[in-house]
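Visitor: Under our numbering, residues 24 to 101 are what the sequence shown spells out, in order.
Where is the CB? At the ideal position from N, CA and C, for every residue including glycine.
Small disclaimer: the values here were computed from a predicted structure and weren't measured.
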Amino acid sequence: MPCTLTDLTQPVCLTIIYNLSSRLLVDSFIDCGECELATELDPVNKNLTIRVPIVLEGEVTFADNLQSGCVTTGVHLG
Numbered sequence: 024m025p026c027t028l029t030d031l032t033q034p035v036c037l038t039i040i041y042n043l044s045s046r047l048l049v050d051s052f053i054d055c056g057e058c059e060l061a062t063e064l065d066p067v068n069k070n071l072t073i074r075v076p077i078v079l080e081g082e083v084t085f086a087d088n089l090q091s092g093c094v095t096t097g098v099h100l101g
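1. Grab the span of the beta strand (DSSP E) containing P34 for me, first residue to last.
2. Kindly indicate the opening and closing residues of the beta strand (DSSP E) around Q55.
3. Would G110 and T84 qualify as a contact pair, given that the criterion is a beta-carbon distance under 7 Å?
4. With distance defined between alpha-carbon atoms, name the residue in E57, Y41, G56 nearest to D50.
5. Which residues bound the beta strand (DSSP E) around E63?
6. To the nearest angstrom, how far is it from the Cα of N68 to the Cα of R46?
7. Please report how far the alpha carbon of Q33 lies from the alpha carbon of T72, in whole angstroms.
8. Can you give the Cα-Cα distance for G81 and P66, rounded to whole angstroms?
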């Protein structure tokens with residue numbers, strides 16, 4: 024019989040780097056842990072860095088054959 028862990032939460036920090044000159048997304052990534060909502064502009068290369076605190080919610084299910092699956096059930100501003 025499968026085992027399901029529910030109500031899991033993890034604070035993360037979403038970082039988005041956008042170049043204002045080229046209007047292109049340079050990079051985006053998530054780091055585990057909390058951060059403050061912040062923006063920073065590099066005047067030389069015109070990269071705008073945006074950091075957004077987010078809380079991810081989810082559940083993990085372990086099957087009889089020990090395989091596992093994860094479902095994201097919520098994404099909220101931290």
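Guide: If we stick to the structure as given:
1. By 1-based counting over the sequence shown, the position of residue 34 is 11. Element bounds for P34: 26-42.
2. Reading the sequence shown from its first residue, position 32 is the one you call residue 55. Checking the sequence shown, residue 55 turns out to be Cys, not Gln. Per DSSP, the continuous beta strand (DSSP E) segment holding C55 begins and ends at 47-55.
3. Because residue 110 is not part of the residues shown, which for the chain are 24 to 101, the question remains open.
4. One-based indexing of the sequence shown puts residue 50 at position 27. Among E57, Y41, G56, the Cα nearest to that of D50 is on Y41.
5. Position 40 of the sequence shown holds residue 63. 61-64 is the span of the beta strand (DSSP E), which, as asked, contains E63.
6. The residue given as residue 68 occupies position 45 in the sequence shown. The residue given as residue 46 occupies position 23 in the sequence shown. Cα-Cα distance, rounded: 12 Å.
7. Locating residue 33 in the sequence shown gives position 10, counting from the first residue. Locating residue 72 in the sequence shown gives position 49, counting from the first residue. If you take the alpha carbons of Q33 and T72, they lie about 22 Å apart.
8. Within the sequence shown, numbered from 1, the residue matching residue 81 stands at position 58. Within the sequence shown, numbered from 1, the residue matching residue 66 stands at position 43. Annotation: G81 to P66 spans about 39 Å, alpha carbon to alpha carbon.
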